[in-house]
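Engineer:
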Amino acid sequence: SGGSSGGSGGAVTLGFAQVGAESGWRTANTKSIQESAKTAGIELKFSDAQQKQENQISAIRSYIQQKVKVIAFSPVVESGWDTVLKEAKTANIPVILTDRAIDSPDKSLYKTFLGSDFIAEGKKAGQWLTKEFGSATGQVNIVELQGTTGSAPANDRKKGFADVIAADPKYKIVASQTGEFTRAKGKEVMEAFLKSQPKIDVLYAHNDDMALGAIEAIEAAGKVPGKDIKIVSVDGVKDALTALADGKINHVVECNPLLGPQLMDLVKKVAAGEQVPARIETQETEFDQASAKAALPQRQY
Amino acid sequence: MTKHRLFWPVVALLALLLGDLIASPAFFSIELRDGHLYGNLVDILKNGAPLILIAIGMTLVIATRGIDLSVGAVVAISGSLACLWIADHPDGVGATLVAVGLALGLSLVLGVWNGWLVAQLGIQPIIATLILMVAGRGIAQLISGGQIITINSAPYEWIGSGFVFTLPSAILIALAVFVLASLLVRRSALGLLVEAVGGNPEASRLAGLRSARLTWLVYVFCALCAGIAGLMISANVHSADANHAGLFIELDAILAVVVGGTQLTGGRFSIGGAVIGALLIQTLTTTVYALGIPPEAIMLFKAVVVLAVCLLQSPAFRRKLRRRKARPAAPAPASAPEKVEVTA
Amino acid sequence: MTTLTRIKGYRPQQRHLPILATMALLIGAYVFGAASYDAFGSGQVVLDLFINNAFLLVVAVGMTFVILTGGIDLSVGSVVALSTVVSGDLMQKHGWSAYAAIAVVLVIGALLGAGMGALIHFFEIQPFIATLIGMFFARGLCYTISTEAYSIDNPTIATLAQTQIPLGGELHISISVVVALVVVLAAVYVLAFTRFGRTVYSIGGNAQSAMLMGLKTGRTKIAVYTISGFCSALGGLLLVLYKSSGDPLNGVGLELTAIAAVVIGGTILTGGSGYVLGTVLGIMVLGIIQTLITFDGTLNSWWTSIITGALLFVFIVLQRLVTRRTR
Amino acid sequence: MTGIRKEFPGVLALDGVGFRLFPGEVHALMGENGAGKSTLIKVLTGVYGVDAGTITLAGTAVSFGGPGEAQQAGISTVYQEVNLCPNLSVAENVCLGREPRRFGRIQWGPMRRRAEELLARLDVHVDVSAELSTCSIAVQQLVAIARALDVDARVLVLDEPTSSLDAGEVEQLLKVVRSLREQGLAILFVSHFIDQVFAVADRMTVLRNGKLIGEYRTADITPVELVTKMIGKELQVLEDLEDSGPTRAEVADAPVFLSAADLGRKGGVEPFSLDVHAGEVVGLAGLLGSGRTELARLLFGADHADSGSIRVDGETTNLRTPRAGLDHRIAFCSENRKTEGLVEELTVRENIVLALQASRGWARPLSRRRQDEIAGKYIKALDIRPANPEALVGNLSGGNQQKVLLARWLITEPRLLILDEPTRGIDIGAKTEIQRLVTQLSAEGMAVLFISAELDEVLRLSHRVVVLRDRKVVAQRENQGLTADDVMATMAEGAVS
Ligand SMILES: Nc1ncnc2c1ncn2[C@@H]1O[C@H](COP(=O)(O)OP(=O)(O)OP(=O)(O)O)[C@@H](O)[C@H]1O
Ligand SMILES: Nc1ncnc2c1ncn2[C@@H]1O[C@H](COP(=O)(O)OP(=O)(O)OP(=O)(O)O)[C@@H](O)[C@H]1O
Ligand SMILES: [Mg+2]
Ligand SMILES: [Mg+2]
């Protein structure tokens, strides 16, 4: 393999620098990109940064060396991209951001952003909660399973949720701990919550996996997830939708990883020098029990 | 009594538990729920079981002056393989046994691989096992297709979250391995030979020890322990997560071993100490959750507690402390010289 | 390699063998890359190795000192993160000048290192544990300062970061590379030509003997960890230049990469034997493995890990075989 | 030093010991193994703190925080075990901490020259840029001494500096010591060689079991009196050793146990042939670095031979590893007990049973009772002190460590026992005991290969003497009427046997 270079031939070469393969969500994201590149006839140079920004930067550098037509990447973190993106700009290679935004004030460094808004996801979860418990009297005790400390989705989903529930003092987060986005930790932390908190009404999990782990802890404690403790989480992976269909989860806010087709459209447009909007949100919904049941058969990940 | 090797690790564990009791009296409450014991202490045992297992294996590796960074990857591989098999086959005890056999067989092969690099090629252990640490997670992802494999098999789940006589099965498995390892090591000559190889490899070689074979053995044993731990971790959450299962567990395991009184420079080892160390670390984790320490502060909290534990265990620290205390009380040495002789 | 040296009639010293072997392997890998992938052969790819790994190089140099004494420093990743976060905090939140922030960061790094060294020397806590405590502590400090990444737009930092030093043709390096090379040269000098440097080796050879020989082992041990802390802080600053950001999640797992680089470079983990130059080569090995994979560009995530491991294996085994055969 | 008391957990190493040292004298510190000599020296130089007592240097009370401070105060010490850095060059080991510098930069050239000069004073000529670990233990010992001589010292402390040196080196060293005495240095000298002590010391202090027995002028005491004071009872000197062994004729009739043909190793020893009969004691004689150890290692399988073959009991075998040697019931007791012999953090018992256990394999452990039995027996037979099988070997005195190592090999009941400097650092009582043991074992049919820097010892015990020079076997002599001078001559210039 190898030996092929950007400009040669008719095919557009896309250099894509992925964050890593840290979750099923991410794997679905990667798969979607790889598959839709194939169908779109785009030659894909793919690299996996193993969750390290340094690696992503050096991958982008090597794409510049290889003179690919377009560079796309999902930033590991929001900041710190100016230097390398300036190099890309100097080399006249357009850049597309996927999944996460960057916070550079210089908007000319990239052509467009395609992805989701973590704060909005947190807000949606909060809005569901306020609707669900709108009529409740007395304090609503919430426990929160945070993502990896310091990571953007954790920070933003926490913030969006907190902003919404701050409106009413009856919503109280009685315990909030990191479950590191994993089932095992989600379960372990929930086990401890169940012992230290006398009354829990709602669980808000920053991703599905932690919610799925927590469900097992709740069941082991002899409680009924979805009834005794209501659960809302973010992502919308298949397992979570199944649990939602079974009534063990009450609400799932979608964060869609399947942005391959949308990305390839954009790549073609950008490569052809067409104008594209500066920000494109992926199509995302929210699921309740009914829509989960409906969506399950086609769920790929 | 204070001379016993396990004295200070046990004191440290008890001190931490005492701290918990003071901070949250409910910490110790245990009740019977759904026919099994339920409480924080039970959680510590159950969730600590995988770490205990790995720490046991790691102890022997460290005793030979080695280190095994690949245990986390082995955890992921073993769990993924077992869950893959179970997901593809109708559940039942038979499928579970096959899955367990496959996973442990593969773990064994991985241990042989590590042993080969260290004992046969003579590569430094940290690098030799780093290879599998890096590649192993990839292998696990390859097995699982990068997705979390969710399973539904009561017999398999029993390994991680079942109960026997109201006690978590995980801790019983860990206990069994502990007893087995202790017997194997102390009832046979393995313990002595391992300590000799770790204490002075060249002298051991000249004393006629087959150190390559021993080295091989400990890496295989360690990988097997990690394999069992992998089964446990995946069974506990009914799913295999190739990306996160056992992530950074090698650090915790090494910490457990060292807190348990085994030196990283090899030689004398204490499996019991490693078990205490692992329990200490798990207690610390559970404490963090039970006391509601905010996520931002967990690391600081851990730093402080581990520092306190290590200082408590450090003979040098105790010596200095004692001297400081003794100084104002008795400034003059007991037997002062009567006359000063002029010399040199 | 064997034949090459024989032709010249030059017998390399036993202790230089790992370095020569690594160098030969690196050249081999480069030639392979240049033959397989377009644009790999351009000199800039080599320079990019330095540009991308400048901060890691500095950290690994500090680590080399520690490992030469037979110790280990697990705190480097966290200290790197702490340095970036503190820089971000001081410059972005408190509006400090870049130079003041840099000074403070370096002092913090050195102090943390000295603290760990003191734990190791005075209380005889094993280096692994003492620096693990340091690792927790520094990472904890990061989170307490900020759980979110700072985007650093300080003009001084921006200029430093984006200045390219042309080397003729299309080739260029960054200021970080210059800093890293200066650190490497300083370390080479210190280790080879100062009493302190030789004491470092002697402690690694046999700490007890070094003490009985009347060397200042305690002071040296503390100094070594101080150097490592300082280098980590400096590495953190280079990372700030590299990424213009201060992120509490920076450098997770970096300690292992640094240790791996040092050991691949031929330094023995039990101390007493090894060279800074080896560490530089170790970094290059890790860098070139990654570059090869990026240029290939067809591997999905898990194959990336597997191939990285496999290439690491090939490098280490070849290195091992070469050094063994010539013995 | 007055009223010095030092207690280790469970052992009272020094109990109210006083000691005086005057400028311009050589003062010998005498005592059995484990009497407390090394401990006293370590207390003096600040390695250990004292529990009680004072140290006065030139009228002022001092207390050193470590060897570094002691050195600064003008006390230069050679500790008993070779305490150098094996990973550094010879030159560095001589000069470490005092390297010639310019603007803080170490001058490597001058440093090498200085090391060469210092070693030349001891008549040692080695490549000073070679790594120390490539040097034999004797050379290492000389390097340590050269290092101590380099200091601008007022006090020179030598703890068993001669334990693995042969006569020539010892003579050279004593010459240097005398000249330093002339220069007004105070010299503290520890040795188990009574004749050396009487040759050089002006005064001596005797310790026994950590207690001060007395201080004597050399002129006022005879060797026999001294030994009596050291061990607390009369010593029967074993003059009749030679008679107790089998006669030469008997041995020649005994079957050949091991036979080496053209065995050799590049960089080690040149190919040699050697037959060892059952019940025969073969002594190896040679100067420092002549290749005795190398030869022994080849016979055991510690190193792999490049050429030649070995036959054991008439069958050709391939001794690739020490393990193979052990399986053929060959035992090798290394001269370097610290790095190649003992596992310091294990107990006396564990060290003693190690080789036996290794040969049995891990699955057939010696029962604890059996281990205690064996350990107890040899602790008694060799008078290992403290007589505690659970003491850590690292905490034993040098001589006692040597005995432990010897015990390890004796219990494997080998058919060929290779002893490389087995009496290194052992007091005379134990030395005679070991010599008696060798004679007795050979009478029982065990073949022994005996290496010692003391030619007398070799001659007393061996049936045959193999002489090496420049890593080459130059002569094999029947020990019948062989004198030390004969052997010396062969060692020095070589001869055809
Ligand atoms: N670190 C230690 N811990 C415990 N006991 C010790 C330690 N060092 C020495 N001892 C004990 O102190 C006693 C005196 O030992 P020392 O080394 O001073 O003897 P020595 O006179 O030098 O004997 P040798 O002639 O064999 O060298 C011995 O019984 C020894 O076991
Ligand atoms: N002059 C020398 N220079 C450097 N290395 C030497 C020299 N002589 C011996 N050696 C090394 O020392 C080691 C031991 O040599 P060997 O032990 O065979 O000598 P020996 O006859 O036992 O003498 P001794 O033990 O009294 O020094 C070998 O590894 C050899 O390479
Ligand atoms: Mg002594
Ligand atoms: Mg010798």
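Chains as they are written, first to last, in the working numbering: chain A, 568 to 868; chain B, 1328 to 1671; chain C, 111 to 437; chain D, 7 to 503.
The beta-carbon is built from N, C-alpha and C at its ideal position, and this holds for glycine as well.
1. Compute the minimum distance between the beta carbon of residue 1539 of chain B and the heavy atoms of ligand 1, and state whether it is under 7 Å.
2. With distances taken from CA atoms, which of D:36, D:352, D:8 is nearest residue 197 of chain D?
3. Apart from the five residues on each side of it in sequence, which residues of its chain come closer than 6 Å, Cβ to Cβ, to residue 85 of chain D?
4. Rounded to whole angstroms, what is the Cα-Cα separation between residue 1691 of chain B and residue 319 of chain C?
5. Is it true that the CB of residue 479 of chain D sits closer than 8 Å to the CB of residue 471 of chain D?
6. Take the Cβ of residue 489 of chain D as the centre, count every other Cβ of all protein chains shown within 10 Å, and call the residue buried at 16 or more, exposed below.
7. Can you tell which of D:53, D:54, D:68 has the C-alpha that lies nearest to the C-alpha of residue 60 of chain D?
8. Only counting runs of 3 or more residues, tell me where the beta strand (DSSP E) segments fall wholly within the region 171 to 219 of chain D, in order along the chain.
9. Can you tell me the Cα-Cα spacing of residue 118 of chain D and residue 300 of chain D, whole angstroms?
10. Give the DSSP bridge partners of residue 582 of chain A, in chain order.
11. Using the Cβ count rule (16 or more neighbours within 10 Å means buried), how would you classify residue 396 of chain D?
12. Residues in the region 1564 to 1598 of chain B with C-beta within 9 Å of chain C's C-beta atoms, listed in sequence order?
13. Which full runs of the beta strand (DSSP E) of 3+ residues lie inside the region 1557 to 1625 of chain B, going along the chain?
14. Roughly how many angstroms separate the alpha carbons of residue 493 of chain D and residue 177 of chain D, rounded to a whole number?
15. Starting from residue 318 of chain C, find everything on chain D with Cβ-Cβ shorter than 9 Å and list it in chain order.
16. Under the three-state reduction of DSSP, which class applies to residue 272 of chain D: helix, strand or coil?
17. Can you give me the start and stop residues for the alpha helix (DSSP H) that residue 832 of chain A sits inside?
18. Sort out for me which residues DSSP pairs residue 770 of chain A with in a bridge.
19. Would you identify the three-state DSSP class for residue 824 of chain A, choosing helix, strand or coil?
20. Could you tell me whether any Cβ in chain C is nearer than 8 Å to the Cβ of residue 1641 of chain B?
21. Going by CA-CA distance only, name the one from D:379, D:432, D:82, D:403 that's closest to residue 417 of chain D.
22. From B:1529, B:1544, B:1615, B:1494, pick the residue whose C-alpha is nearest to that of residue 342 of chain D; which is it?
23. Note down, in chain order, every chain F residue with its Cβ under 7 Å from the Cβ of residue 329 of chain D.
24. Residues around ligand 4, please: the condition is that the C-beta lies closer than 7 Å to some non-hydrogen atom of it.
25. Give a yes or no on whether the minimum CB-CB distance between residue 405 of chain C and chain A is below 8 Å.
26. How would you call residue 730 of chain A, buried or exposed, if buried means at least 16 neighbouring beta carbons within 10 angstroms?
27. Taking contact to mean 3 or more Cβ pairs, one atom from each stretch, closer than 8 Å, check whether the region 233 to 246 of chain C and the region 1578 to 1594 of chain B are in contact.
28. Go through the region 687 to 744 of chain A residue by residue and report every complete run of the beta strand (DSSP E) that reaches 3 residues or more, in order.
29. Can you give me the start and stop residues for the beta strand (DSSP E) that residue 1534 of chain B sits inside?
30. Closer than 7 Å to a non-hydrogen atom of ligand 1 - does that hold for the CB of residue 403 of chain D?
31. Hey, does residue 756 of chain A have any beta-carbon neighbour from chain B nearer than 8 Å?
32. If you drop the 5 nearest sequence neighbours on each side, which residues of the same chain put their C-beta closer than 6 Å to that of residue 519 of chain A?
33. Distance, Cα to Cα, residue 198 of chain C vs residue 180 of chain C?
34. So with CB distances below 7 Å, who are the chain B contacts of residue 413 of chain C?
35. Flag this pair as yes or no: are the beta carbons of residue 453 of chain D and residue 283 of chain D separated by less than 8 Å?
36. Over the uninterrupted beta strand (DSSP E) stretch that includes residue 36 of chain D, give me the two end residues.
Structural biologist: If we stick to the structure as given:
1. Within the second sequence, residue 1539 of chain B is the residue found at index 212, counting from 1. No, the beta carbon of residue 1539 of chain B sits no closer than 7 Å to any heavy atom of ligand 1.
2. To locate residue 197 of chain D, count along the fourth sequence from 1; it is residue 191. Nearest option by C-alpha distance: D:36.
3. By 1-based counting over the fourth sequence, the position of residue 85 of chain D is 79. Only 165 meet the Cβ criterion.
4. Because chain B in this structure spans residues 1328 to 1671, residue 1691 of chain B falls outside the shown range and cannot be described.
5. Position 465 of the fourth sequence, counted from the start, is the residue given in the question as residue 471 of chain D. Position 473 of the fourth sequence, counted from the start, is the residue given in the question as residue 479 of chain D. Contact flag unset, no.
6. One-based indexing of the fourth sequence puts residue 489 of chain D at position 483. Residue 489 of chain D is exposed by the Cβ-count criterion.
7. Start at 1 with the first residue of the fourth sequence, and residue 60 of chain D comes out as number 54. For the residues D:53, D:54, D:68, the minimum Cα distance to residue 60 of chain D belongs to D:68.
8. 192 to 196, 209 to 214
9. Here residue 118 of chain D refers to the residue found at position 112 of the fourth sequence. Here residue 300 of chain D refers to the residue found at position 294 of the fourth sequence. In a straight line, the C-alpha of residue 118 of chain D is about 27 Å away from that of residue 300 of chain D.
10. Stepping through the first sequence from its first residue, residue 582 of chain A is reached at position 15. DSSP lists A:612, A:638 as partners of residue 582 of chain A.
11. For the purposes of this step, residue 396 of chain D is taken as the residue at position 390 of the fourth sequence. Looking at its Cβ environment, which holds fewer than 16 other Cβ atoms inside 10 Å, residue 396 of chain D is exposed.
12. 1569, 1575, 1578, 1581, 1582, 1585, 1586, 1590, 1591, 1592
13. none
14. Within the fourth sequence, numbered from 1, the residue matching residue 493 of chain D stands at position 487. Within the fourth sequence, numbered from 1, the residue matching residue 177 of chain D stands at position 171. Approximately 18 Å between the Cα atoms of the pair.
15. Taking the first residue of the third sequence as position 1, residue 318 of chain C is located at position 208. Result: 89.
16. Sequence index remark: in the fourth sequence, residue 272 of chain D carries index 266 (1-based). Note: residue 272 of chain D maps to coil in three-state DSSP.
17. Looking up residue 832 of chain A in the first sequence gives position 265. Note, residue 832 of chain A: alpha helix (DSSP H), 827 to 838.
18. To locate residue 770 of chain A, count along the first sequence from 1; it is residue 203. Looking at the DSSP assignment, residue 770 of chain A forms a beta bridge with A:710, A:798.
19. The sequence position of residue 824 of chain A within the first sequence is 257, counting from 1. Coil, per DSSP.
20. Here residue 1641 of chain B refers to the residue found at position 314 of the second sequence. Taking Cβ atoms only, chain C reaches closer than 8 Å to residue 1641 of chain B, which makes this a yes.
21. Taking the fourth sequence and counting its residues from 1, one reaches residue 417 of chain D at position 411. For the residues D:379, D:432, D:82, D:403, the minimum Cα distance to residue 417 of chain D belongs to D:379.
22. Counting from 1 along the fourth sequence, the entry for residue 342 of chain D is found at position 336. It is B:1529.
23. Absent here is chain F; the protein component of the structure consists of chains A, B, C and D.
24. Having a Cβ closer than 7 Å to some heavy atom of ligand 4 are D:142, D:143, D:144, D:298, D:299, D:341, D:426, D:427, D:457.
25. The sequence position of residue 405 of chain C within the third sequence is 295, counting from 1. Chain A, which has a Cβ nearer than 8 Å to the Cβ of residue 405 of chain C, makes this yes.
26. Taking the first sequence and counting its residues from 1, one reaches residue 730 of chain A at position 163. That one is exposed.
27. yes
28. 707 to 713
29. The residue you call residue 1534 of chain B lines up with position 207 of the second sequence. Premise fails: residue 1534 of chain B is in no beta strand (DSSP E) and is neither H nor E.
30. Here the question's residue 403 of chain D lines up with position 397 in the fourth sequence. The answer is yes for residue 403 of chain D.
31. Here residue 756 of chain A corresponds to residue number 189 of the first sequence, with the count starting at 1. Answer yes: the Cβ-Cβ gap between residue 756 of chain A and chain B drops below 8 Å somewhere.
32. For residue 519 of chain A there is no data in the structure shown, the boundaries of chain A being 568 and 868.
33. Here residue 198 of chain C corresponds to residue number 88 of the third sequence, with the count starting at 1. Here residue 180 of chain C corresponds to residue number 70 of the third sequence, with the count starting at 1. Between residue 198 of chain C and residue 180 of chain C, the C-alpha separation is close to 34 Å.
34. Counting from one through the third sequence, the residue named residue 413 of chain C turns up at place 303. Within chain B, the residues near residue 413 of chain C are 1465.
35. In the fourth sequence, counting from the first residue as 1, residue 453 of chain D sits at position 447. In the fourth sequence, counting from the first residue as 1, residue 283 of chain D sits at position 277. Cβ distance < 8 Å, so residue 453 of chain D and residue 283 of chain D count as in contact.
36. For the purposes of this step, residue 36 of chain D is taken as residue 30 along the fourth sequence, with counting starting at 1. Residues 32 to 36.
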